[in-house]
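Under our numbering, the first residue of the sequence shown carries the number 2, and numbering increases by one thereafter.
Heads up, the beta-carbon is just placed ideally off N, CA and C, and yes, glycines get one too.
Report on the structure given below.
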Amino acid sequence: MAVTIKDVAKKANVSISTVSRVINDSKPVSDEIKHRVLKVIEETGYTPNPVARSLVMKKSQLIGVVVPSISNFFIGEVLNGIEEIGKMYNYDILLCNTYGELNQELRYLNLLKSKQVEGIIFMTWELKEEHKEFFNKEDIPIVMINRDTSEFNITSVSIDHQKAAYEMTKYLIDKGHKKIALIRGRIENYVFGIDQYKGYAKAMEENNLEIDQRLIKNCEFKLELAYEAVQEMIEDDILPTAIFATADSMAFGAINSLIDSGYKVPEDVSVVGFHDIKLASIYRPKLTTIRQPLYDIGAVSIRAIVKKIKGEEIEENIFVLPHELIERDSCKSIK
């Protein structure tokens, strides 16, 4: 039979509330009584109930993390930063995988609240009014990743997606490419894909290049959809000289599609990506891509949550981290 707090109190000849004070260090207890209680706890192997303790202390040492796809390469590397820095602050992570479904996201947000988490890091493909309603009514620290949250006062961590997409498109143009396809994630409101398209379009327009809407493909960050999108370009005889995929995984899908159809990368078509996941430098050809500081995005997110939990002032509400264009082997000049 498991040892209870009542058993410890009886053996130490103190009240249950005194044992609770010793365990939670909530109120002063004499050194003699504290030593006696701790000795009994050690002898009996008593383990405090974490749920009961969190209710007393109002601290669960838990942070909820809600993501749309745990299998996504980008998300996996961000989670590494969240989990590792969380350990440094003695926080455990409750991870919820929603598959990008609104009902699941709302269900998990409410579930995490019921589990007494002290803060929530939230990632979604599409930010909707239902999410905003939850944020507005719940008094719990929340940090979002890869979103512009300026209009509803939620802390966020991201890069400048418009600037990064502009730089990559301009890089391709400077290499002599004029017919450039854009394979992106989604097009819904509030999604950073809109900013990426703006950056792409700005670079094209500044250089008087036509934007062919047939070459703008929405592939939901999925390798297989990017593969199919390139197959469609080949079948429709509109294959460009360069393909800009706004996720490395989609760039891999595009490369596979080209190779399976007898094309060489970058000899026939250049392909570039976005994120710089670990596989980007191992894949062949090595992928030219925009490097997002994925680990740092996770690390900054959880540090911001911890500061909010402790009531400390945060220097800024929207953290924009630096990006970098990494040049490798998947793109060539055609000047």
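Under the DSSP assignment, T290 falls outside any alpha helix (DSSP H), being part of the beta strand (DSSP E) whose first and last residues are T289 to R292.
Assigned with DSSP and collapsed to three states, A246 falls in strand. Annotation: E152 to Q117 spans about 27 Å, alpha carbon to alpha carbon. Taking C-alpha positions only, D277 is separated from Q293 by approximately 6 Å. C-alpha of F222 to C-alpha of S61: approximately 35 Å in a straight line. Closest by C-alpha distance to R329, out of R304, V272 and E316, is V272. Taken through DSSP and simplified to helix, strand or coil, L322 comes out as coil. The alpha carbon of K333 has as its nearest neighbour, out of P267, D261, L295 and G312, the alpha carbon of P267. Taking A243 as the centre and dropping the five residues before and after it, the same chain places the C-beta of L173, H178, I181 and S271 closer than 6 Å to its C-beta, in chain order. Taking C-beta atoms as the reference points, V4 and I34 fail to come closer than 8 Å. Around the CB of I121, 16 or more other CB atoms lie within 10 Å, so the residue is classed as buried. Non-local C-beta neighbours of Y109 in its own chain, meaning closer than 7 Å and more than five positions away in sequence, comprise V67, C97 and T99, ordered along the chain. Membership of N137 in the alpha helix (DSSP H) is indicated by the continuous run E130 to K138. Inter-segment contact for the segment 315 to 331 and the segment 281 to 299 is present: three or more beta-carbon pairs are separated by less than 8 Å. Taking 8 Å as the cut-off, the Cβ atoms of L226 and S250 do not count as close.
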